[in-house]
Every structure is written in C-alpha cells, then in structure tokens.
Amino acid sequence: DGGITQSPKYLFRKEGQNVTLSCEQNLNHDAMYWYRQDPGQGLRLIYYSQIVNDFQKGDIAEGYSVSREKKESFPLTVTSAQKNPTAFYLCASRRDRDSPLHFGNGTRLTVT
Amino acid sequence: GQQLNQSPQSMFIQEGEDVSMNCTSSSIFNTWLWYKQDPGEGPVLLIALYKAGELTSNGRLTAQFGITRKDSFLNISASIPSDVGIYFCAGRANTGTASKLTFGTGTRLQVTL
C-alpha cells in the first residue's frame, strides 16, 4: 500500500542535542511538507519541498533544517537552536499543486 | 497573513445527534479541505471542495464551499462514537507557486452514548 511513513513514533532527547525525524513516501509525490502541531493550535508549516534538491522555509523555520536528496525522503532536523522543540511533528505530501495533502502518522518529540 | 477562525472549539453531543462546524477566513480561498485527526495520528482527508457554492457529501458528512469563498461548513448527521476526534478545516488561496494551506485551530468532537 502506498503511504507516508514517519519514524520513530515517539522520540525523547536532552536539551542541546540535535535530532532528525524521518519521513518517507512511496506515493511518487513531488511535493513534501513538514508541519508542527501544538495543543489547541492549527498546523504550522515548518519547511516544504516541491522538487528534489529544492526546499523553502515555511512560517516557523527557525531552529529547523531539512534536506531533499531523494524524491521519497524529506528528513527534518530539529536543532538545539529551536527554543521550544517539544511538539507533534507531521510530514505530508501531495501529487501536484491542486491536490490535497496526505499526512503521515506523526512523530511526538519530547525534549527535556 | 491569512487567518482561519474555526468554531466551535469543542463540542459534546449525544450519539445520534447532528453536528455542524464552520470556518471563516479573512481572505478568499479557492480550495477548502476538511480533515479528521484521531489522537496520536495524522489528519485524514474527509472532503475536498474546489468551487464556490459546491456541496459535497461523503457518507454521513456533508461540506459546503461558501458562496463568498471566505467560509466553509461541515455537517455530520446521526453521529456515532467513532466520530470522536479533532476536525480541521484548511484553505488554499493558490497565490504564487507555493500554494500553501492555512489550517484552522480545530473542533474537538466528543460523542456520549
């Protein structure tokens, strides 16, 4: 079955450490996205990539970095510069500009 | 930036009741999407709307694209316990090449027996 796989489901890190969240899709979608979700808030866009080897900052990119070396993969690194990294992170993709987003099942990151 | 107001924030209803929720935007959208999110999972697309005035159903769910293009409504008829979750609206203005989605803050639905 085609879909978006995020791993791990739960991630725990100490403050000051960088951590990388994985996102893989086998839908052959060109565009991929990373969102952050906090309680009581809508999804906020961190980074997006419309094609391999290209990505743009979203609304809350500070403290995050991404890469897009392969069409199927769009890993997100949460750096030590991110002030409040504890959150639920969602990866998404879509086939083309007018298609809806399809989401993975998320990674819950806890930084202590 | 664009803002989406989604209401109500939360609802407690009894099984069998009908449910209505809505989203309003400060600017015009060309696409409205409705998603449902179960606890600890990613949002799942329920209904996509692409034309002002469009009314679309998916089982017990019906959504409408407001004629002003600044609002959308989702109705759930005869609710059941598995309808519990958070419902998000999302809109897209199709400006520029990015065509980013703006999400509402969600409506948390709880169904009692």
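As you go down the protein sequences, you meet chains A and F in turn.
Quick note: the first sequence uses this note's numbering, first residue 75, plus one each step.
Quick note: the second sequence uses this note's numbering, first residue 487, plus one each step.
Glycine included, C-beta positions come from ideal geometry on N, C-alpha and C.
Quick caveat: nothing in here was measured; it's all calculated off a predicted structure.
Short of 6 Å from the beta carbon of A155 (chain A), and not among the five residues preceding or following it, lie these beta carbons of its own chain, in chain order: G137. Taking a C-beta distance under 9 Å as the contact criterion, S96 (chain A) and Y121 (chain A) do not qualify as a contact pair. DSSP places D569 (chain F) within a helical segment (H, G or I) once states are collapsed to three.
Taking R168 (chain A) as the centre and dropping the five residues before and after it, the same chain places the C-beta of H103, A105, P174, L175, H176 closer than 7 Å to its C-beta, in chain order. With a cutoff of 9 Å on beta-carbon distance, G592 (chain F) and G116 (chain A) are scored as near each other.
Chain F has a Cβ within less than 9 Å of the Cβ of L119 (chain A).
A residue is called buried when at least 16 other Cβ atoms come within 10 angstroms of its Cβ; F589 (chain F) meets this threshold and is buried. Cβ-Cβ distances below 7 Å link D569 (chain F) to I562, L595, V597 in the same chain, with the five nearest sequence neighbours on each side left out; the list follows chain order.
In this structure, DSSP gives S512 (chain F) a state outside helix and strand, which the three-state scheme calls coil. A straight-line Cα-Cα distance of about 21 Å links G545 (chain F) and A538 (chain F). Contact of E527 (chain F) with chain A is assigned, a C-beta pair being separated by under 9 Å. Under DSSP, H103 (chain A) forms no beta bridge with any residue. At a beta-carbon threshold of 8 Å, the residues of chain A lying near K586 (chain F) are L119, Y122, G132, ordered along the chain. Look at the stretch 157-177 of chain A: the residues with a C-beta under 9 Å from a C-beta of chain F are F162, L164, C165, A166, R171, D172, S173, P174, L175, H176, F177. Judged by DSSP secondary structure, A538 (chain F) falls outside any beta strand (DSSP E); it is assigned neither H nor E.
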